[in-house]
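Asker:
Protein chains in written order, with my numbering: chain G, 9 to 119; chain L, 9 to 121.
(1) What did DSSP end up calling residue 35/G once you bin it into helix, strand or coil?
(2) Mapping the DSSP letters down to three states, classify residue 65/G as helix, strand or coil.
(3) Taking three-plus beta-carbon pairs below 8 Å as touching, is the segment 23 to 37 of chain G in contact with the segment 47 to 57 of chain G?
(4) Use the C-beta contact count for residue 108/L: other C-beta atoms within 10 angstroms, 16 or more gives buried, fewer gives exposed.
(5) Do residue 45/L and residue 118/L have their C-beta atoms within less than 7 Å of each other?
(6) With a CB to CB cut of under 6 Å and the five nearest residues on each side skipped, what residues in its chain are close to residue 90/L?
(7) Suppose only complete runs of 4+ residues qualify. What are the alpha helix (DSSP H) ranges in the segment 36 to 109 of chain G, listed by chain order?
(8) Within 7 Å (strictly less), CB to CB, does residue 75/G reach chain L?
(9) Going by alpha carbons, who is nearest to residue 20/L out of 94/L, 52/L, 62/L, 104/L?
(10) For residue 84/G, count neighbouring C-beta atoms within 10 Å of its own C-beta (all shown protein chains included) and say buried if the count is 16 or more, exposed if not.
(11) Pop quiz: residue 71/G and residue 80/G are said to be a contact at Cβ under 8 Å. What is the actual Cβ separation, rounded to whole angstroms?
(12) Kindly say whether residue 86/L, judged by its beta-carbon, lies nearer than 7 Å to any beta-carbon of chain G.
(13) Relative to chain G, which residues along the segment 100 to 113 of chain L have a C-beta separation below 8 Å, given in chain order?
(14) Within the 7 Å Cβ cut-off, does residue 64/G reach chain L?
(15) Is there a Cβ from chain G that is less than 7 Å from the Cβ of residue 81/L?
(16) For the segment 84 to 111 of chain G, enumerate the residues whose C-beta is nearer than 9 Å to any C-beta of chain A, in chain order.
(17) If the cut is a Cβ gap below 7 Å, which residues of chain L does residue 69/G touch?
(18) If residue 104/L sits next to residue 63/G, beta carbons under 8 Å apart, how far is it from one beta carbon to the other, in whole angstroms?
(19) In the DSSP assignment, the beta strand (DSSP E) including residue 33/L goes from what residue to what residue?
Shown next, in the form of structure tokens:
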């Protein structure tokens, strides 16, 4: 069973701190990794994607990929209340047009 | 421009009705998707169209019928739905052919009565 796993949370982080969201995946051959943010009642929004081992930074967001450990993470620096949302990890496993979503982690930034 | 549009935003239909959901993108993307999302669950893939051809059907009941009239448009025809089909229906698109970044539309909130 090919899976993407995330801690469902909620993860509570004080405003201004670093929020760290984690995701593991089962298929060692996976090549493409995505982070989506979803506010309650809204659609998922693609915020980061990463294809190579290491870190990728975009503003306050950093995606980290470790293929050997089958682990991808999202760091949010200087967390803001507006970052409170559900974060979905998604992985392309079969090199077709399908991505597998994790169940999402609910993040709550405490003012 | 990474915009995917969907109409209507909200839809209430009876179990005997026939209705359609529409999705449009003008990004030149060649893959388009329908997802169903229930509250507090991740999106659940229903169909994938690649280059206007149905490439993936995730064993969706026949009361859901997708259609891709051209590379920019995707429809989902609904007939004889059940109350448990009430959900947020999301359309997404990607460039396809090895580029899997999917961009979602705002969704249609469907209620079946």
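Glycine included, C-beta positions come from ideal geometry on N, C-alpha and C. In this text the structure is predicted, and so the values were computed from the model without any measurement.
Answerer: Reading from the atomic positions:
(1) In this structure, residue 35/G counts as coil in the three-state DSSP scheme.
(2) strand
(3) no
(4) buried
(5) no
(6) Within the same chain, residue 90/L has no close Cβ partners at all.
(7) Listed in chain order, nothing qualifies, since the segment 36 to 109 of chain G has no complete alpha helix (DSSP H) run of 4 or more residues.
(8) Taking Cβ atoms only, chain L never reaches closer than 7 Å to residue 75/G, which makes this a no.
(9) Ranking 94/L, 52/L, 62/L, 104/L by Cα distance to residue 20/L puts 94/L first.
(10) buried
(11) 7 Å
(12) Output row for residue 86/L: interface = no.
(13) 102, 104, 106, 108, 109, 110, 111, 112, 113
(14) It does not; no Cβ of chain L falls within 7 Å.
(15) No - not a single Cβ of chain G is within 7 Å of the one on residue 81/L.
(16) Checking the listed chains, one finds no chain A in this structure; the protein chains it contains are G and L.
(17) Those within 7 Å of residue 69/G in chain L number zero; the least Cβ separation is about 15 Å.
(18) So it is not a contact: roughly 28 Å between Cβ atoms.
(19) 26 to 33
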